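Comments concern the structure below.
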């Protein structure tokens, strides 16, 4: 789940990050691509202007490009001991891009409403859990998916081997084959979901890269919230 603006700002301050810094975000070599799109999404939502994702460290290393080792120390003086107040990372209300997320209540209303066909719900979870045939990591939780959702697992957005994000033309093909994108969409709004709000951000990135015109909102609570709060009639299996 997203942190509060004050908690996000405190974390950025502790890392010595300023609002005018250029951020280049990547996952560890052994991961490939997983958390980086989510972190970039969060930074943009909280108003950071210059955010980029390296696609990705694994390929960067295999290309023989320079890397460091060990920990990088950042000296961050605190306010009152030499740090200027202006150096503190602050998230103002006007910075927040709240239109990029959607609440449980609004997702439920979209599912129950007459305009369901005017909203496309895309789920990034693995097929077995989306279909309801593979148990969740917490066996007490029901598997399945939000009614009307289509499934585009994160792995389909990535190249085999280096796990880099596919080129836009390949992403478009994957999204269209899954029913997540159509030529006649004309600004179709998207609700993007996954297990806990992390890989849904990769769907947001993929739709941006292919030039999808509709609004894109990440359901931050995602399946972990949905399956706990709805009755069986709002869980589909396939």
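Residue numbers (UniProt numbering): 1 to 238. Using N, Cα and C, we set each Cβ at its ideal position, and we do this for glycine too. Small disclaimer: the values here were computed from a predicted structure and weren't measured.
query                                                                                                             : result
Reference residue 98, options 217, 225, 223, 188, closest by Cα                                                   : 217
Buried versus exposed call for residue 168 [16 or more other C-beta atoms within 10 Å across all chains shown]    : exposed
Same chain, Cβ closer than 7 Å to residue 81, neighbours up to 5 away in sequence not counted                     : For residue 81, the predicted structure reports a pLDDT of 39, less than 50, and the residue's modelled location is therefore unreliable. A value from the coordinates is still provided. For residue 81, where only same-chain residues beyond five positions count, there are no Cβ hits under 7 Å.
Spatially closest choice to residue 162 from 50, 63, 38, by CA coordinates                                        : 63
Outcome for residue 65 when other beta-carbon atoms lying within 10 angstroms are tallied against a minimum of 16 : exposed
8 Å Cβ cutoff met for residue 190 and residue 122                                                                 : yes
Rounded Cβ spacing between residue 46 and residue 95 (contact assumed at less than 8 Å)                           : 6 Å
Spatial distance of residue 58 from residue 231 (CA atoms)                                                        : 42 Å
Touch test, the region 200-217 against the region 36-50, Cβ-Cβ under 8 Å, three pairs minimum                     : yes
Euclidean distance between Cα positions of residue 148 and residue 113                                            : 12 Å
Secondary structure of residue 20, DSSP reduced to three states                                                   : coil
Neighbour-count burial assignment, residue 20, 16 or more Cβ in a 10 Å radius                                     : exposed
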